[in-house]
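In the UniProt record's numbering, the protein residues as written are 1 to 261. Here a beta-carbon is modelled for each residue, glycine too, at the ideal position from N, C-alpha and C. Values in this document were obtained by computation on a predicted structure and should not be read as measured data. Reading through the structure tokens given below for one structure.
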């Protein structure tokens, strides 16, 4: 994802590992994901909107204890307004499906594999459902709105990544990939095939070859786009008159693996 968007951004995040300030949207996504993960730890009969909404405050307290987020808000009233937005997202989730009728195979499922060219893949799937017939559905929650159809391929890149790793580690192509957009209550579904995942695997190998070349040479070219307006590293980017820090090749190359998109 990052490397395709801007190789230099990938370097700043995956190689230099420069810190980035958290945004309200990012923290909101983290909190909603945590609430839904805890929800599925409850017995099916307890997975109600009331139980889920009651999880928000303790999960928010836990997140705040691990990392201070007070700088995101002007005052307590501002934080309360933000938390109301979190509650609306959780309520939208219940309008989209009934968790009492689901028994996930796994939530926050770590999947890893190594392709035959040595490319190491790793990712976390929000939820994996397996029905009695063995059909697999991989689900990812998004707190934003569903993108227009013309941007569907970009949105599905992440899900195809998960599907490929699932197939290579478990020998079964997932029946359905689902992105749930809690921002507007819409879904984006995709049914992959072996042929499509084989082609996607070739795409990942080519991408990883380009990434390894950039890692070996230290040449990560900036790619200017509309997304630059949200980048936290403009001061270090040549496109904005900045200069990247010295390249730490020897400290990061061993064992570097492709992170989830």
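Residue 167 counts as buried, since no fewer than 16 other beta carbons sit within 10 angstroms of its beta carbon. Around the beta carbon of residue 201, 16 or more other beta carbons sit within 10 angstroms, so the residue counts as buried.
Counting the other CB atoms within 10 Å of its CB gives residue 230 a total below 16, which places it among the exposed residues.
Of the residues assessed, residue 238 falls on the exposed side of the cut-off, its CB having fewer than 16 other CB atoms within 10 angstroms. For residue 2 and residue 245, the gap between their C-alpha atoms comes out near 18 Å. The beta-bridge partner set that DSSP reports for residue 124 consists of 110. Its Cα nearest to that of residue 183, the residue 94 stands out among 94, 106, 135. Distance check between residue 209 and each of 157, 178, 116 places 116 closest, using alpha-carbon atoms only.
Annotation: the continuous beta strand (DSSP E) that includes residue 142 extends over 136–142. The segment 92–111 makes contact with the segment 31–44; the number of CB pairs closer than 8 Å reaches 3 or more.
Distance from the Cα of residue 15 is smallest, within the candidate group 215, 241, 222, 156, for 215. Just so you know, the alpha carbons of residue 228 and residue 234 end up roughly 8 Å apart. Contact between the segment 137–149 and the segment 192–207 is absent: fewer than three C-beta pairs spanning the two stretches fall below 8 Å. Beta-bridge pairing by DSSP links residue 181 to 142, 186.
Here the segment 153–161 makes contact with the segment 184–194; the two share three or more CB pairs at distances below 8 Å. Annotation: residue 218 is outside any alpha helix (DSSP H) and is labelled neither H nor E by DSSP. Counting C-beta atoms within 10 angstroms of its own C-beta, residue 143 has 16 or more neighbours from the protein chains shown and is therefore classed as buried. Judged by beta-carbon spacing, residue 7 lies beyond the 8 Å limit of residue 170, meaning their Cβ atoms are not closer than that value.
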